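Numbering (my numbering), first residue to last: 2 to 332.
Worksheet: the structure to be examined is printed underneath.
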Ligand code: TYM
C-alpha cells in the first residue's frame, strides 16, 4: 500500500483553501492508503508565536482535523514536534540543500517581500523541513494545494541527492496529489489572489465561521459593475467567485449563474446569496462538530498520544537506517 504524508501549519483556524486543497483529500485517502497526517508546529515557529498562541493553534488544527472526519483509527494523526526524529532528518537533509536553490524558492521570496525584518534561517530551510516530514515515512503521495508544488519538487531533489551521495535507492520520489488530478488553488474574497490566513480576516471563509459571518463576508466580496456584452470574459474578481461556486455548489447552480452572466442578466446580489448559502451548507457538518470536540480534552490528549507513538515507530526505523547509510555505526 502506498504511503501518504501531509500536514497543516498551526497558524490558526482552517479555511476553505485548506479544506479543498488538502483536508478533503485526507479524509478520502485515509480509506485507501497508509496515511500520516500531522500538525506542522515546527514550521509555524518561523513567525515566533507566543507559547500560548502556539499551543492554542495546535489544538485548533487537531480539533478541525477530527471535525472534518479524520479518523485516528484509520490514519496516523500526530503533532510534528512529538516526533523529534523529523528534526534529526532535517539536519541531515540540510547538507543536501544549497543556498542558491533555497533562496530561489517562490515561497521564500514571498516571505522576504512581505516581512523583510524576519528573514530567519528557519524560513530559508522551510522546504528542507518539509522534505524531512515526507521522507521520514517514505511517502509517495502528498495531498496539498497548488502553492506547495515547488516544495514537492525540492523534496525530490533533496532525496535524490542523498541517494546519489550514498549510492543508494533509499528514498522514494513523492508527488503532490489531488483527487481531481490538477492541484487546486482556492481564491480569496478580495478579488486578488488565493485564500489565505495572512490576507486579512475578510478574505478567507473559515470552517468555523458562523452562517452570519459567512453571509457578511461573501456579500462584501469584490465584484465589478457587471457584464456589458454577451459572453464576455469574466474579470479576475468575478471569476474567483465562480471558482468558489464550483467547489461548494452543485453543477446545475454553476451552469445557471454562468448562463445569466453570459446573457448579461446576472444580479451579483442573488449570485452572492446563493454562494454564501452553499458555503454554509458545505461547512455545516464540520462547524457543528468543532465546538464539541474542542471541549473534549481527554479525546484530544488520547489522539495526540496514540498518534505520536505510531509516527515515532515509523520515523525511528527510518532514522536508524539513515544513520547506518551515513556511517554512524556502533564500534
Ligand atoms: P499551510 O498551513 O500553509 O497549508 C496547508 C494546506 O492547505 C493548502 N492551501 C490551499 N490549497 C488551495 N487553495 C488555497 N487557497 C490554499 N491555502 C492553503 C496548502 O497547499 C497545504 O496543502 N508547507 C505546508 C505544511 C507542511 C506540509 C509538510 C505539507 C509542512 N510539512 C509536508 C505536506 C507535507 C503548508 O503550506 O501548510
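Beta carbons: idealized from backbone N, C-alpha and C, even for Gly.
All values derive from a computational prediction rather than experimental measurement.
Just checking my contact of residue i with residue j at CB under 8 Å: how many whole Å lie between their CB atoms?
i           : j           : result
residue 259 : residue 239 : The pair is not a contact, with the Cβ atoms about 11 Å apart (cut-off 8 Å).
residue 309 : residue 79  : 5 Å
residue 106 : residue 155 : 7 Å
residue 177 : residue 189 : With 8 Å as the limit, residue 177 and residue 189 do not qualify as a contact, their Cβ atoms being about 21 Å apart.
residue 236 : residue 267 : Residue 236 to residue 267, Cβ: 13 Å. No contact.
residue 213 : residue 265 : Rounded, the Cβ-Cβ distance is 32 Å, inconsistent with contact.
residue 140 : residue 6   : 4 Å
residue 323 : residue 93  : 6 Å
residue 32  : residue 75  : 7 Å
Anyone know if the C-beta pair for residue i and residue j falls short of 8 Å?
i           : j           : result
residue 196 : residue 18  : yes
residue 98  : residue 129 : yes
residue 210 : residue 249 : no
residue 4   : residue 26  : no
residue 223 : residue 276 : no
residue 157 : residue 175 : yes
residue 28  : residue 69  : yes
residue 103 : residue 146 : no
residue 1   : residue 215 : Any property of residue 1 remains undetermined from this structure, which presents the chain solely from 2 to 332.
residue 356 : residue 200 : Past the edges of the chain, shown from 2 to 332, lies residue 356, and the structure says nothing about it.
residue 21  : residue 208 : no
residue 37  : residue 138 : yes
Are there 16 or more other CB atoms within 10 angstroms of the CB of residue i, so buried, or fewer, so exposed?
i           : result
residue 160 : buried
residue 100 : exposed
residue 109 : buried
residue 73  : buried
residue 23  : buried
residue 49  : exposed
residue 163 : buried
residue 53  : exposed
residue 327 : exposed
residue 131 : buried
residue 112 : buried
residue 51  : exposed
residue 329 : exposed
I want to see whether chain C comes within less than 8 Å of residue i, judged by CB atoms only; does it?
i           : result
residue 259 : Protein chain content of the structure displayed is limited to a single chain, and chain C is not contained in it.
Is residue i near the ligand SAM, in the sense that its beta carbon is under 7 Å from a heavy atom of that ligand?
i           : result
residue 228 : In the structure on display, the ligand SAM does not appear, and the ligands it does have are the ligand TYM.
The region 40–47 touching the region 155–175, judged by at least three CB pairs closer than 8 Å: no
Just to confirm the assignment: which complete alpha helix (DSSP H) runs, minimum length 4, are found wholly within the region 143–226? 150–166, 212–220
Secondary structure, beta strand (DSSP E): runs of 3+ residues fully inside the region 9–59: 35–41
Please confirm if the region 286–296 is in contact with the region 47–67, defined as three or more CB-CB distances below 8 Å between the two stretches. When C-beta atoms of the region 286–296 are compared with those of the region 47–67, three or more pairs fall below 8 Å, so the two segments count as touching.
Spell out a yes or no on whether the region 74–89 and the region 296–315 are touching, meaning 3 or more CB-CB pairs, one atom from each, closer than 8 Å. Short answer: they touch.
Only counting runs of 4 or more residues, tell me where the alpha helix (DSSP H) segments fall wholly within the region 66–96, in order along the chain. Taken in chain order, the complete alpha helix (DSSP H) segments of 4 or more residues contained in the region 66–96 are 86–95.
Given 8 Å, three or more beta-carbon pairs between the region 296–306 and the region 123–130: Flag = no, the region 296–306 and the region 123–130 do not touch.
Cβ pair count under 8 Å reaching 3, the region 4–20 against the region 49–62: Counting Cβ pairs under 8 Å, three or more are found: they touch.
Only counting runs of 4 or more residues, tell me where the alpha helix (DSSP H) segments fall wholly within the region 244–275, in order along the chain. If we require 4 residues or more, the alpha helix (DSSP H) runs fully inside the region 244–275 come out as 252–263.
To test your reading of the DSSP string, which unbroken alpha helix (DSSP H) runs of 4 or more residues are found completely within the region 104–129? 107–115, 122–125
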